[in-house]
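This report refers to the structure that appears directly beneath it.
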Ligand SMILES: [Zn+2]
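In the working numbering, the protein residues as written are 58 to 323.
What follows is the structure, encoded as structure tokens:
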């Protein structure tokens, strides 16, 4: 298996995986979505809420705020010595206290103050509720690690998708160099190069086949490599995108080992 990073940003990564089958690519995608833990608010104590929003709705909104996660600092509650009752090794407390003055005011995720300075909202710009003049909100929230299999709010990824690597081929014997395919391609994969049609940036090809439909002589064929996949992973902000991929690969490896061990014991 070979991995090539195509593009990396602070919140997203594009990479190419070669030498694997579709089952592996999908297992990696599903591990990132459902098995990799992230922090999220799971319990909320509403001390005072005079806003128009119900307590339940407020708790739901707080749960969906992505929190920066330090996987080495916290235990999954079910694996913690406290047996999931909640202690400083598996739980982080966040508090929020806000009162509107004479003007209406919006409560943002940045208004949450955390007991652990490392576990804070990934973005401070997430609106939680709008308070009318003199309305007040006081809450205490408990964040913990969880997985996407349990609840989607624990997913550390916003998007994780893969596509086959496209193979665009032009049959020079059939091509009459009319240039129609060059115009039809929305991704500008094809170009008229002197007296022949050639390809460029084929990884951008979305396999829409607009060029194939346009080509009357049938010179263009679009196929895909069966053992290469282009991944796009976007983080929710909880974990850096490269850590998501590395940790998910480790989890997948461990699960395969467990499955083999189980199969061997039968
Ligand atoms: Zn604990």
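All C-beta atoms in this analysis are idealised placements derived from N, C-alpha and C, irrespective of residue type, glycine included.
If you measure between the beta carbons of residue i and residue j, is that distance less than 8 angstroms?
{"i": "residue 128", "j": "residue 151", "result": "no"}
{"i": "residue 203", "j": "residue 94", "result": "yes"}
{"i": "residue 75", "j": "residue 59", "result": "yes"}
{"i": "residue 277", "j": "residue 227", "result": "yes"}
{"i": "residue 88", "j": "residue 308", "result": "yes"}
{"i": "residue 294", "j": "residue 166", "result": "no"}
{"i": "residue 195", "j": "residue 136", "result": "no"}
{"i": "residue 85", "j": "residue 316", "result": "no"}
{"i": "residue 62", "j": "residue 298", "result": "no"}
{"i": "residue 144", "j": "residue 171", "result": "no"}
{"i": "residue 118", "j": "residue 156", "result": "no"}
{"i": "residue 313", "j": "residue 302", "result": "no"}
{"i": "residue 98", "j": "residue 199", "result": "yes"}
{"i": "residue 102", "j": "residue 197", "result": "yes"}
{"i": "residue 267", "j": "residue 242", "result": "yes"}
{"i": "residue 121", "j": "residue 210", "result": "yes"}
{"i": "residue 292", "j": "residue 68", "result": "yes"}
{"i": "residue 219", "j": "residue 82", "result": "yes"}
Beta-carbon within less than 6 angstroms of residue i's beta-carbon, same chain only, minus the 5 sequence neighbours each way: which residues are those?
{"i": "residue 221", "result": "281"}
{"i": "residue 79", "result": "none"}
{"i": "residue 285", "result": "75, 222"}
{"i": "residue 134", "result": "141, 147, 201"}
{"i": "residue 232", "result": "254, 276"}
{"i": "residue 296", "result": "126, 213"}
{"i": "residue 185", "result": "118, 164"}
Helix, strand or coil: which one does DSSP assign to residue i?
{"i": "residue 299", "result": "helix"}
{"i": "residue 158", "result": "coil"}
{"i": "residue 150", "result": "strand"}
{"i": "residue 194", "result": "strand"}
{"i": "residue 218", "result": "strand"}
{"i": "residue 93", "result": "coil"}
{"i": "residue 59", "result": "strand"}
{"i": "residue 200", "result": "strand"}
{"i": "residue 293", "result": "coil"}
{"i": "residue 106", "result": "strand"}
{"i": "residue 274", "result": "coil"}
{"i": "residue 169", "result": "coil"}
{"i": "residue 174", "result": "coil"}
{"i": "residue 256", "result": "strand"}
{"i": "residue 69", "result": "strand"}
{"i": "residue 77", "result": "coil"}
{"i": "residue 98", "result": "strand"}
{"i": "residue 231", "result": "coil"}
{"i": "residue 145", "result": "coil"}
{"i": "residue 285", "result": "strand"}
{"i": "residue 121", "result": "coil"}
{"i": "residue 213", "result": "coil"}
{"i": "residue 187", "result": "strand"}
{"i": "residue 180", "result": "coil"}
Excluding the five sequence neighbours on either side, which residues of its own chain have a C-beta within less than 7 angstroms of the C-beta of residue i, listed in chain order?
{"i": "residue 90", "result": "205, 212, 214, 217"}
{"i": "residue 244", "result": "261, 262, 263"}
{"i": "residue 257", "result": "246, 248"}
{"i": "residue 187", "result": "161, 163"}
{"i": "residue 72", "result": "60, 61, 62, 63, 288"}
{"i": "residue 183", "result": "122, 165, 166"}
{"i": "residue 238", "result": "247, 254, 268, 271, 272, 277"}
I'd like to confirm something about residue i: is its beta-carbon nearer than 7 angstroms to some heavy atom of ligand 3, or not?
{"i": "residue 245", "result": "As presented, the structure is devoid of ligand 3, carrying ligand 1 as its sole ligands."}
So, for residue i: in the same chain, excluding its five sequence neighbours on each side, which residues have a beta-carbon less than 8 angstroms away from its beta-carbon?
{"i": "residue 158", "result": "190, 191"}
Problem set entry | Environment of ligand 1 in chain order, Cβ to heavy atom below 5 angstroms | Answer in sequence order: 137, 139, 144, 146, 147.
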